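Below you'll find the structure, written out as structure tokens, and then a few comments.
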Amino acid sequence: MREAWLPHVARRLAACALFAFSVVLYQGCGDSPEDPYAALDAKFPAGRPPLADAQTRAQDADYLKKIQEGGRRYLTLNAAAEKAEHEADRFRTLYREALAKRMKQEPPEAILEDELAKHAHYQGLLKAAEEARAAAEAQRQANMKAIRDRTYADARAYDALRAEADEAARKAGLPVRQNAPAATPARQAAAAAPSTPKAPAAEPTVQMLSEATGKPVAPAKGGDAQD
-18 MREAWLPHVA
-8 RRLAACALFA
2 FSVVLYQGCG
12 DSPEDPYAAL
22 DAKFPAGRPP
32 LADAQTRAQD
42 ADYLKKIQEG
52 GRRYLTLNAA
62 AEKAEHEADR
72 FRTLYREALA
82 KRMKQEPPEA
92 ILEDELAKHA
102 HYQGLLKAAE
112 EARAAAEAQR
122 QANMKAIRDR
132 TYADARAYDA
142 LRAEADEAAR
152 KAGLPVRQNA
162 PAATPARQAA
172 AAAPSTPKAP
182 AAEPTVQMLS
192 EATGKPVAPA
202 KGGDAQD
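Everything in the sequence shown is counted per the working numbering, starting at -18 for the first residue and increasing by one.
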């Protein structure tokens, strides 16, 4: 009689053990939710990166190529604008001289402006000069934007990933990390790691000065005076 109950008892014990294991497994998952900030800390272990200065930007090959190409385009467009402006100024001077001969005196500025406003050739030169200058200025602004974009690129990438992590934390019912988060093992390791010595700063180059000002800078002629 006792032997007939053994299979039944064994099945009940196995079912109870499986249920208990499932409960423990479920509770364990609930106690250790996935960290929504894990990807953020893995990519930015030291926290939000600072803005990229000129020395940091100079180590970005793609950025340097873009800014150098933009600088060359600006030089070409600026030269074309200066030429067009020179042509318009030259025609204005010649026309003023011709008008002075006809009037037997230096023409008043108002009369000169009125005459030139009706002169189709001069108006064409003036329009070409204005368009050329606008194209050069647009390229200069594009160069400055490229500098700004690279300067803020790393910080913006951090902010975007941080926003995703904050949203994931809210959806999971977890606390959102404050702007000054507690140190994590990854951040502590990054802070404790010895910093790599930086190479000595290079002498400012024409390209670096042009990048900083947004305008071409002519290289200095000749060398330092000898004692």
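Here a beta-carbon is modelled for each residue, glycine too, at the ideal position from N, C-alpha and C.
Predicted, not measured: the structure shown is a model, and the values here were computed from it.
Compare the beta carbon distance of residue i and residue j with 9 Å and say whether it is the shorter of the two.
i	j	result
R131	A33	yes
A65	A101	no
L45	A146	no
A116	A61	yes
A153	E15	yes
P88	A98	no
E63	Y76	no
I48	A127	yes
Between residue i and residue j, how many whole angstroms is the CB-CB distance? I'm expecting something under 8 Å.
i	j	result
R158	Y18	6 Å
P30	Y103	54 Å between Cβ atoms; not a contact.
L93	E68	The Cβ separation is near 17 Å, so there is no contact.
P156	A149	With 8 Å as the limit, P156 and A149 do not qualify as a contact, their Cβ atoms being about 12 Å apart.
Quick check on residue i: buried or exposed, where buried means 16 or more other Cβ atoms within 10 Å of its Cβ?
i	result
R71	exposed
G52	buried
A1	Residue placement at A1 is poorly supported in this model, since its pLDDT is 42, which falls under 50; the coordinates still yield a value, given next. Exposed, since its Cβ has fewer than 16 Cβ neighbours within 10 Å.
D43	exposed
Q120	buried
A79	exposed
N59	buried
N124	buried
What runs of the alpha helix (DSSP H), each 4 residues or longer, lie entirely inside the stretch 40 to 97? If only complete runs of 4 or more residues are kept, the stretch 40 to 97 shows the alpha helix (DSSP H) at 42 to 84, in order along the chain.
Going along the chain, which unbroken runs of the alpha helix (DSSP H) with 4 or more residues stay wholly within the stretch 85 to 160? 90 to 98 and 101 to 152, all fully within the stretch 85 to 160.
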